[in-house]
Amino acid sequence: MDRPAPDVIGDLPLTAAEPGTAVVVTRFGSGIQPSQIEQLFSYGLVEGRVIGVLRQRPVTVVLIDHTELALEPAIAAAIGVQPQTASTRC
Amino acid sequence: MSAIPSPAAEIAKGLTVALVGHPNVGKSVLFHRLTGSYVNVSNYPGTTVEVSRAGARFDRTAEVLDTPGVLALPARTDDERAATRALLDENLRSVVQVGDAKNLRRTLSLTAMLVEIGVPMVLVLNMSDEARSRNVHVDVARLERALGIPVFATVATGGEGVAELTAGLARSAVPRIPIAYPPAVEQGIEALRAVFQRHGFASALAPRGLALLFLAEDPEVEARLRERLQDGFTAALEARDQVRAAFAEPLPQILSRVRHHWAESVAETCARSERAGTPQTALRAGQLAIDPVWGWPILLAVLYAMYEFVGVFGAGTLVELVEEHLFGGVINPAVSGFVERWSPASWVTDLIVGDYGLWTMGMTYALALILPIVTTFFLAFGVLEDSGYFSRLSVITNRLFSLIGLNGRAVLPMVLGLGCVTMATLTTRILHGQRDRLIATFLMALAIPCSAQLGVVLGMLGAVSFEALVAWTLCVVGVLLAAGWLAARLIPGRRIPLVTELPPMRVPVAGNVLKKTAGRLKWYLVEVIPLFLIGTFAMFVLDRVGILPRIIEAGEPLVTGWLGLPREASAAFVMGFLRRDFGATGLFAMGAALTPLQTLVGMVTITLFVPCIASVLMIVKEQGMRIAAAMLALIMPTAFLVGGVVRWIGQLLT
Chain A
0 MDRPAPDVIG
10 DLPLTAAEPG
20 TAVVVTRFGS
30 GIQPSQIEQL
40 FSYGLVEGRV
50 IGVLRQRPVT
60 VVLIDHTELA
70 LEPAIAAAIG
80 VQPQTASTRC
Chain B
0 MSAIPSPAAE
10 IAKGLTVALV
20 GHPNVGKSVL
30 FHRLTGSYVN
40 VSNYPGTTVE
50 VSRAGARFDR
60 TAEVLDTPGV
70 LALPARTDDE
80 RAATRALLDE
90 NLRSVVQVGD
100 AKNLRRTLSL
110 TAMLVEIGVP
120 MVLVLNMSDE
130 ARSRNVHVDV
140 ARLERALGIP
150 VFATVATGGE
160 GVAELTAGLA
170 RSAVPRIPIA
180 YPPAVEQGIE
190 ALRAVFQRHG
200 FASALAPRGL
210 ALLFLAEDPE
220 VEARLRERLQ
230 DGFTAALEAR
240 DQVRAAFAEP
250 LPQILSRVRH
260 HWAESVAETC
270 ARSERAGTPQ
280 TALRAGQLAI
290 DPVWGWPILL
300 AVLYAMYEFV
310 GVFGAGTLVE
320 LVEEHLFGGV
330 INPAVSGFVE
340 RWSPASWVTD
350 LIVGDYGLWT
360 MGMTYALALI
370 LPIVTTFFLA
380 FGVLEDSGYF
390 SRLSVITNRL
400 FSLIGLNGRA
410 VLPMVLGLGC
420 VTMATLTTRI
430 LHGQRDRLIA
440 TFLMALAIPC
450 SAQLGVVLGM
460 LGAVSFEALV
470 AWTLCVVGVL
480 LAAGWLAARL
490 IPGRRIPLVT
500 ELPPMRVPVA
510 GNVLKKTAGR
520 LKWYLVEVIP
530 LFLIGTFAMF
540 VLDRVGILPR
550 IIEAGEPLVT
560 GWLGLPREAS
570 AAFVMGFLRR
580 DFGATGLFAM
590 GAALTPLQTL
600 VGMVTITLFV
610 PCIASVLMIV
620 KEQGMRIAAA
630 MLALIMPTAF
640 LVGGVVRWIG
650 QLLT
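So the sequence lines, in the order shown, correspond to chains A and B.
Each residue of the first sequence is one higher than the last, beginning at 0 in numbering that gives the first Met the number 0.
Each residue of the second sequence is one higher than the last, beginning at 0 in numbering that gives the first Met the number 0.
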């Protein structure tokens, strides 16, 4: 899958990402239980993956390849992301 | 449907083809294509998770197994455990991994685990049409070379690629793909291999795959090793501890990450995605359904449509047609005439067509009153399920459910509970975590009326006044929220935040909806009709030996003194224990003898009263005898307490 290298600007929680933008997943904070990190992994939400942010209310909804995933703010806030300014692919 | 009850001799020859894959990738549709079978749901040993099994169309000696959708392996949910058990216990000819062509990376992350178990396999990239419409192009030939197994692009709904798949199944191959794990993990795998060998442990699955599943804490593999290795299990645990000690992160995450990176590297060479291609209409419809502003009017519209279809058409028109005209006018008079003519004794006549007759009460209830209501309910439920709306509903109701210690996923069993609480109790398995299942089960047992009961309640209160209906709704929802709020604070453990996939919104496929409805109706009838007959028989015996009047007498202080209902209402509560709608109908039969306030008090109490026997048995099965007893001990006093309070408030206001 053709993907440009992420252009790193800074680290922010997923909840702060603007809807309509693409971000790179950088880390999972301690606020998420290991079993839920495994669950996120199984949806393809892993470090280094570029995801699209579809909306932030009432929950965060992201697009991972062609999978829409809804995340409650408590989870989304514990996921670190970096904005991707290069062309998006999601 | 040509169901094969898995004859042991055939399985021993390895004639089973197992479909394995993520949820919502079209496995069941492919199962139908391969077998001609729509529903052949059987309980898998040790669990009630549904595994379908049927004879293959393409090979009369083979059978096809449709395993529940798995998010990932190692198993973390009951569905995943059932899938692992199928892999461990069946002597498989081939594993057919069914994946979503448009989500190749995710599909391959599951492949990465399956390739390690040493079973011949093929990969099916289903929903290829959706991938094409999203501009996702997979180089199938290249992927075949990379994986060393046959790969097929299919559109199971239209049958595209299915003939190629059945013809190519014979080429199933054991993948030989080097997925390199960190050195400490590889050392752990070798140590576990040595333990297996030393203790003479053999399995149909490759030792490397078993070792990886054990390292990732798969509960089924762990249980199997504990049982089979016996003394050697300690050595296996030590080997795992050594690997764990090499990493700061939990081992399952380390292993999962390796598989994802491998999947990513394969996907990058075998697929390309030309710009964002998700169809905007489906995406927008899905987004609108969870919009903080538009989501609620859409929900109200859905609820209204459901009320019109189930409440008005099902519980009104259909019930009237079937109960009054068909049963009341034609069938029951004929059955009564026949029995009265041929019955050897009057008690036999009473047993079959008397007041508590097996036919006139039990079967008439099950077929004439309940069946039309649950049929329409399950049809409506199937439409919502197939459209992808339910996941959206879990998003917009998430905040509400957070008040009662749950997350929005609980909306599915709760709504299903409005159809049949027994079935919904089983469905609490979709919730992650025992605490969530416990709270949801308790709340459903307490305050979610099933469709049959709801039909009777709506009919009775509707005849009283709209205000009475509103008062009943407020009482029941109030108790639900208050009990949930308390339960969330009293039951130890943390609330699990919502994480849920939102499948694409699509127009429901009639075949899918009918298939699911038929499966649910079959389950319902098989469960319910015997219970109705047992319940009716119990009532007949109680009445015959004169115990019913004594129960009525014993319940008098509570029913008459506290609730202010006529003394005969005690019988309704006895019936209510057999089935809640039985109880409601017992009150219904008293009809004009009740004042509007008595009707409201009776309906509130009977709604909150213990769930039916079938639900209680299901709670025992899912939660254990101790918890089920504790729930009943809480629910019964609560029902009478609330009923009495409603009476008291009602008297103050009138």
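Quick reminder that beta carbons are idealized off the backbone N, C-alpha and C, glycines included.
Item	Value
Cβ closer than 8 Å: which chain B residues qualify as neighbours of leucine 39 of chain A?	Val498
Report all residues from its chain with a CB closer than 7 Å to the CB of tyrosine 43 of chain B; omit the five preceding and five following residues, and keep chain order.	Below a pLDDT of 50, predicted positions are generally treated as unreliable, and tyrosine 43 of chain B, at 33, falls in that range; the measurement from the model is reported next regardless. Val50, Ala81 and Arg84, listed in sequence order.
Does serine 29 of chain A come within less than 8 Å of chain B when only Cβ atoms are used?	no
Cα separation between methionine 504 of chain B and aspartate 385 of chain B?	9 Å
Please confirm whether glycine 19 of chain A has its beta-carbon closer than 8 Å to some beta-carbon of chain B.	no
Within 10 angstroms of its Cβ, does tyrosine 180 of chain B collect 16 or more other Cβ (buried), or is it exposed?	buried
Assuming alanine 155 of chain B and leucine 350 of chain B are in contact, meaning their beta carbons sit under 8 Å apart, how far apart are those beta carbons, in whole angstroms?	Their Cβ separation, rounded to whole angstroms, is 51 Å, which puts alanine 155 of chain B and leucine 350 of chain B out of contact at 8 Å.
Per DSSP, glutamate 655 of chain B is paired with what?	The requested residue 655 of chain B does not occur in the structure, where chain B is confined to residues 0 to 653.
What residues from chain A crowd round glycine 285 of chain B, counting only those whose CB sits closer than 8 Å?	Glu67
Any idea what DSSP makes of glutamine 597 of chain B, helix, strand or coil?	helix
Could you pull the start and end residues of the alpha helix (DSSP H) that aspartate 385 of chain B belongs to?	370-386
Which parts of the region 442-484 of chain B are runs of the alpha helix (DSSP H), unbroken and 4 residues or longer, counting only runs that do not cross its ends?	450-463
Would you mind sorting tryptophan 341 of chain B into buried or exposed? The rule is 16 or more other CB atoms within 10 Å of its CB.	exposed
From B/Ile447, B/Leu437 and B/Arg391, pick the residue whose C-alpha is nearest to that of glycine 416 of chain B; which is it?	B/Ile447
Output, in chain order, the set of chain B residues within a Cβ distance shorter than 7 Å of arginine 26 of chain A.	Those do not exist, as arginine 26 of chain A stays about 12 Å from chain B at its closest Cβ, beyond 7 Å.
Residues in its own chain within less than 8 Å of threonine 359 of chain B by CB, not counting five upstream and five downstream?	Asn331, Val334, Ser335, Ile351, Val352 and Gly353
Who pairs with aspartate 99 of chain B in a beta bridge, going by DSSP?	B/Asn125
With DSSP collapsed to three states, give me the class of glutamine 83 of chain A.	coil
Can you pull the chain A residues whose beta carbon is under 8 Å from the beta carbon of leucine 501 of chain B, in chain order?	Val60, Glu67, Leu68 and Ala69
Taking Cβ-Cβ distances below 9 Å as the criterion, which residues of the region 394-407 of chain B are in contact with chain A?	Val394, Ile395, Asn397, Arg398, Ser401, Asn406 and Gly407
Would you mind stating whether serine 614 of chain B and valine 394 of chain B have Cβ atoms separated by less than 8 Å?	no
Any idea what DSSP makes of glutamate 79 of chain B, helix, strand or coil?	helix
With 16 as the cutoff for other CB atoms within 10 Å, does leucine 299 of chain B come out buried or exposed?	exposed
Considering only residues of the same chain and omitting the five flanking positions on each side of valine 27 of chain A, which have a CB-CB separation below 8 Å?	Rather than valine, the amino acid found at residue 27 of chain A in this sequence is phenylalanine. Cβ within range, chain order: Ile36, Leu39, Glu46, Ala77, Ile78 and Gly79.
Classify phenylalanine 377 of chain B: buried if its beta carbon has 16 or more other beta carbons within 10 angstroms, exposed otherwise.	buried
Let me know the secondary structure DSSP gives alanine 21 of chain A once reduced to three states.	strand
List the residues of chain B that proline 57 of chain A touches, going by C-beta distances under 8 Å, in chain order.	Ile289, Pro291, Gly294, Val394, Ile395, Asn397 and Arg398
With DSSP as the reference, identify every bridge partner of glutamate 67 of chain A, one or two as the case may be.	A/Leu62 and B/Leu501
Among B/Arg144, B/Gly117, B/Asn102 and B/Arg141, whose alpha-carbon lies nearest the alpha-carbon of asparagine 125 of chain B?	B/Asn102
Does isoleucine 78 of chain A come out as helix, strand or coil in the three-state DSSP assignment?	strand
Given a cut-off of 8 Å, decide if leucine 607 of chain B and alanine 638 of chain B are closer than it, judged by their beta-carbon atoms.	yes
Select from the region 258-275 of chain B all residues with a C-beta closer than 7 Å to any C-beta belonging to chain A, and list them in chain order.	His259, Ala266, Glu267, Ala270, Arg271, Ser272 and Ala275
Please return the same chain residues whose Cβ sits closer than 6 Å to the Cβ of alanine 130 of chain B, not counting the five positions on each side in sequence.	Ala100 and Lys101
Apart from the five residues on each side of it in sequence, which residues of its chain come closer than 6 Å, Cβ to Cβ, to glycine 231 of chain B?	Val194 and His198
What does alanine 73 of chain A touch in chain B if you count any residue whose Cβ is under 7 Å from its own?	Pro496
Would you mind sorting glutamate 219 of chain B into buried or exposed? The rule is 16 or more other CB atoms within 10 Å of its CB.	buried
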